[in-house]
Every structure is written in structure tokens, then in C-alpha cells.
Amino acid sequence: MLESDSTPAAVVLFLALLLFLLTAFLEAGLNLLRREPFLDPKPTDGFGGQALRYLRPRLGVYSDTAAVLRMASAVATTVSAVALASAASRWVVVALAAVGVWAFLALLRGVARSVEERLASLAALSRLALLALVLLWPFAWLSRLVGLGRRLAHLVIRPVAPPALDASGAPEDEALPVVVTEEPLDQAERRMIRAILGLEKTTVREIMVPRVDIMAADADSSVESVVAMMQEGGHSRIPIYEGTIDSVVGIVHARDLVRAVTTGNSPGPSLRELARPPYFIPESKRADQLLQDMREHRVHIAVVVDEYGGTAGLVTIEDLLEEIVGELADEFEVAEPDVELVSHCEAVMDARTSLDDLNATFATGISGEGFDTVGGFVYHELGRIPSPGDEVVSDGLRLQVINTIGRRIKRVRVSRVASPPASEEEILAPKDTEDR
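Residues 104 to 539 in my numbering are what the sequence shown lists, from first letter to last.
Written as C-alpha cells, this is what we have:
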């Protein structure tokens, strides 16, 4: 048995445990400062408030510093515990001591996070910010080690799994990992960020209201009739046209129409006089470009034209926002889901559901050229105007038209086609095997 003085190792173990617990609390508190509601409120006065104002733009640096110190204290705790256990001269005791220390440290870190979240308040976090600034400021340079480690890891992993490149040659999710690293985001926030990044790959044609669903009025209609149309349809802006919908001459706003009706002037202004100039865009325009253009031109609705100059559809700023945050239902609207799962092998879908959503729901690979919706696919497969009850079968799926509105498909029932039972010859046939 080895003779050694265990006092220094015990002192190091005690100090390392204290440092680990302190840095775990600091790291948990700094992460809390990134979250709502602690990020937006005005910091409290005093030294704590000043420390909080100083730390907010530097949370990543000080959080990385706390993480480095926590790892260093964990290593010191393990080494000192192993040194104490080595006095027994048995490797089993040493191994158990190392494993036990790491398990205990993980428990301590979990306790620190739990206590921090339960006792968190803006005032408490202000005091914690002051403590973090005092203790971590001399070691802030350690955060560079974390950045260096991330870059080295990127260089090592990149040759093995190169990231997908977009049209500009930049990594597809380059911005997203940066945000995820710098901010603790929940699932909804991650999904929203991906949706924002995906706008540059989404064309207006994919999100527009199709031509057959446009509510529009003839330019020679009376103001009163258009007001009634808006009340019935629940729209605040509708296009007006001359002759056909392919010749849109303006956009009328409910506010302008109501003002014209309530003034009581006779004769009142016509629709042409109340209409505002329409904003035309091609259906190939990218959604992110359209959002920027709408902000610059201060318009909320645009008329989408096809390659022949005819009206293909309408797109509103609400359609763009729904691409980011999801479907926005009106206050009194009874929303019908685009995809309603009946079972694991059957669903009822809106005909406007994209083929990507169809493939994601049933793990299929249906694609087509010239159409990108379930309704368009059914139209293509049928080759004629569909009627309720019509069916098409493709890629192991049966798509049945449930109902239609005029010549347009409204909803479709999608179900998996049961595989035909194997014949007796197929069951008894020997399977090929390779014994090499």
C-alpha cells in the first residue's frame, strides 16, 4: 500500500467542488438571461443593473467562460478524487471513484439549473450578473478556446459530411447553427427560423391564392354591391377588373368604400375613383423578395401574373406571414385543417396541400412538372374535370376526390393501397442467398 499525504488532494477536491457548483450556477443564470421575459425588461438600477446592461451583448462570451471553468473544475475534482482513492492501491476503487465523481457532478449541475430557474427573477439575475462579471471577467479570454474548438470541430467534420449548398454557394443552414449556439431556442423558434430561411427557396406560385379562388368585382359595379361582397367574403381588399379577371385595373379597400358610403354624397365616387393602383408580380418571384418589396412599397396585396400576362392568383402579406408562423385563422373563422389524419394509413387533405406535405405524411416520392399540389396531381392523373368519387392510384397511395367546387377539387381522401397477397408460387419459391 502506498504511503502518501492525502491532505492536499482533499483540499483540491473541496475547492474544485465549490468552483464547479459556482460556475454551474453562473452558467445556468447566464442562459436564463437569454430567455424571455428576462431579455426585454429594463434592468434594475444599481451595480446589478449596470452589470446586466454590460453583460447582455456579451452573454455568449461569459457563458462560454463559465463553461470552460466548469469543465476545468470537473477535471480537477476527478483527478483529486482519483488521487484520494489511489491510496487503496486498487484499480477498481479508482475507477468507481472516477465514475462516481462524474455522476455526482452531473447531479450538481442539474440541481443548479433547477434551483436557478425556480428562484429566477430580474432582481436576482441582476445580482447574479454582477457576481458573474466580477468572477468571470479575468477569465473572459478563455471563451476564445471555445470558439477555436468549434472551428476545429467544423474543419474535422466538414470533409466527412459536407453541408448542402444553396444556389448562392453558401451552406444551407449556416445561419441557423449560429443562432442555436448563441441562443437557447425552443422547438417553435427553431421552426420559425428555418421557415424564414426557407423563404428564399419558396416561389410566389406556391403560396398564392389561385385564380379560381379570387374574389373580385367588375369595375362597373356599384360601391354598395362591393361592400356587400366584402361583408360576405370577409375580405378587406379585393381587386376590380375590366371584362375578365385577366385585366385587373385596381385594388379597392373596405375602408375607402365604407367612407364613401357613409358620407352620403350623391352621386358618390365610382369604384375606379376609389381603387388604388394594383401591384403586379410574376409567379416565379421569390417569397423573401416579395416580402421586402411589400415593405418598401407599403402594399399588402399583389396580383400574380403568369408567363402569358394573365392573372394566376393573389398573394397577401398574410400569406407570407403564414409561411413563417403557420396558419393564421380569423377570429370568427372555423378553420378546417389542411391535413386531417384519420389513421396511420389514411388522411383527408385540402386539394391545395403541397406534394411535399403529402410525401412527408406518407413517406412517398410523388412529384410532377407543372403542378405542386395534391389537386394538381389528381387533375394530371385523371386527365379530365374531376367529380366526387373519382380515384387515382400512384406510388402505393389511393387519392379519392371527396368534393369539388365548380371545376376545382376541394378535398381529397388519401389512403395507402394494401399490398396484394402473395401467390402460392411466390410463397413456396426459394429465396436467393449468397453463401460466399
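We put the CB at the ideal spot given by N, CA and C, even for glycine.
Residues bridged to residue i (per DSSP)
{"i": "threonine 419", "result": "Ile404"}
{"i": "methionine 452", "result": "Val442 and Val515"}
{"i": "isoleucine 508", "result": "Arg511"}
{"i": "serine 457", "result": "Thr476"}
{"i": "glutamine 503", "result": "Glu494 and Arg516"}
{"i": "threonine 414", "result": "Val408"}
{"i": "phenylalanine 383", "result": "Val406"}
{"i": "arginine 389", "result": "Thr306"}
Residue i, buried or exposed, once every other Cβ within 10 Å from all chains shown has been counted against 16
{"i": "aspartate 99", "result": "Summary: the structure shown does not reach residue 99, with the chain confined to residues 104 through 539, and so no result is reported for it."}
{"i": "serine 166", "result": "buried"}
{"i": "alanine 127", "result": "buried"}
{"i": "valine 320", "result": "A small correction: the amino acid at residue 320 is alanine; valine does not occupy that position in the sequence shown. Buried: at least 16 other Cβ atoms inside 10 Å."}
{"i": "phenylalanine 117", "result": "exposed"}
{"i": "valine 355", "result": "buried"}
{"i": "glycine 416", "result": "buried"}
{"i": "alanine 521", "result": "exposed"}
{"i": "alanine 454", "result": "buried"}
{"i": "leucine 120", "result": "buried"}
{"i": "threonine 181", "result": "buried"}
{"i": "valine 496", "result": "exposed"}
{"i": "serine 470", "result": "exposed"}
{"i": "arginine 514", "result": "buried"}
{"i": "isoleucine 508", "result": "exposed"}
{"i": "leucine 502", "result": "buried"}
Euclidean distance between Cα positions of residue i and residue j
{"i": "serine 183", "j": "leucine 172", "result": "16 Å"}
{"i": "glutamate 130", "j": "alanine 390", "result": "39 Å"}
{"i": "glutamine 334", "j": "arginine 398", "result": "27 Å"}
{"i": "aspartate 475", "j": "serine 328", "result": "36 Å"}
{"i": "isoleucine 488", "j": "valine 477", "result": "15 Å"}
{"i": "threonine 347", "j": "leucine 423", "result": "27 Å"}
{"i": "alanine 278", "j": "isoleucine 296", "result": "Note that alanine 278 scores a pLDDT of 45, beneath 50, so its modelled location is shaky; the value from the coordinates is reported in the next line. Roughly 9 Å between the two C-alpha positions."}
{"i": "arginine 362", "j": "lysine 304", "result": "41 Å"}
{"i": "leucine 485", "j": "valine 364", "result": "48 Å"}
{"i": "histidine 66", "j": "methionine 332", "result": "The shown model of the chain, from 104 to 539, leaves out residue 66, and the question about it has no answer."}
{"i": "serine 490", "j": "lysine 388", "result": "33 Å"}
{"i": "arginine 314", "j": "threonine 168", "result": "57 Å"}
{"i": "serine 446", "j": "glycine 499", "result": "16 Å"}
{"i": "threonine 467", "j": "arginine 340", "result": "39 Å"}
{"i": "proline 381", "j": "alanine 405", "result": "7 Å"}
{"i": "glutamate 443", "j": "glycine 337", "result": "25 Å"}
{"i": "glutamine 392", "j": "glycine 413", "result": "21 Å"}
{"i": "arginine 516", "j": "arginine 510", "result": "18 Å"}
{"i": "glutamate 472", "j": "histidine 400", "result": "33 Å"}
{"i": "serine 176", "j": "glutamine 395", "result": "50 Å"}
{"i": "valine 428", "j": "isoleucine 310", "result": "14 Å"}
{"i": "methionine 318", "j": "alanine 170", "result": "58 Å"}
{"i": "alanine 357", "j": "alanine 378", "result": "10 Å"}
{"i": "leucine 125", "j": "valine 407", "result": "60 Å"}
{"i": "threonine 366", "j": "aspartate 323", "result": "20 Å"}
{"i": "glutamate 345", "j": "valine 330", "result": "18 Å"}
{"i": "proline 111", "j": "alanine 186", "result": "10 Å"}
{"i": "methionine 174", "j": "phenylalanine 123", "result": "8 Å"}
{"i": "proline 372", "j": "glycine 492", "result": "48 Å"}
{"i": "glycine 479", "j": "glutamate 494", "result": "13 Å"}
Contact belief for residue i with residue j at Cβ below 8 Å, rounded distance in angstroms
{"i": "leucine 374", "j": "isoleucine 343", "result": "5 Å"}
{"i": "isoleucine 420", "j": "histidine 403", "result": "5 Å"}
{"i": "valine 418", "j": "valine 312", "result": "7 Å"}
{"i": "methionine 452", "j": "leucine 461", "result": "7 Å"}
{"i": "isoleucine 512", "j": "valine 481", "result": "6 Å"}
{"i": "glutamate 410", "j": "valine 307", "result": "Actually they do not touch by this definition, with Cβ atoms about 13 Å apart."}
{"i": "alanine 179", "j": "valine 115", "result": "6 Å"}
{"i": "threonine 456", "j": "aspartate 441", "result": "5 Å"}
{"i": "valine 326", "j": "leucine 360", "result": "6 Å"}
{"i": "glutamate 449", "j": "serine 518", "result": "4 Å"}
{"i": "alanine 298", "j": "glutamate 376", "result": "Incorrect: roughly 40 Å between the Cβ atoms, too far for contact."}
(message) Please give me, in chain order, every unbroken run of the alpha helix (DSSP H) with length at least 4 that falls completely inside the segment 460–500.
(response) Fully enclosed alpha helix (DSSP H) runs of 4 or longer: 477–485.
(message) I'd like the ranges of any alpha helix (DSSP H) spanning at least 4 consecutive residues and lying wholly in the segment 299–366.
(response) Annotation note: the segment 299–366 contains the following uninterrupted alpha helix (DSSP H) runs of length 4 or greater, listed N- to C-terminal: 307–310, 326–336 and 357–366.
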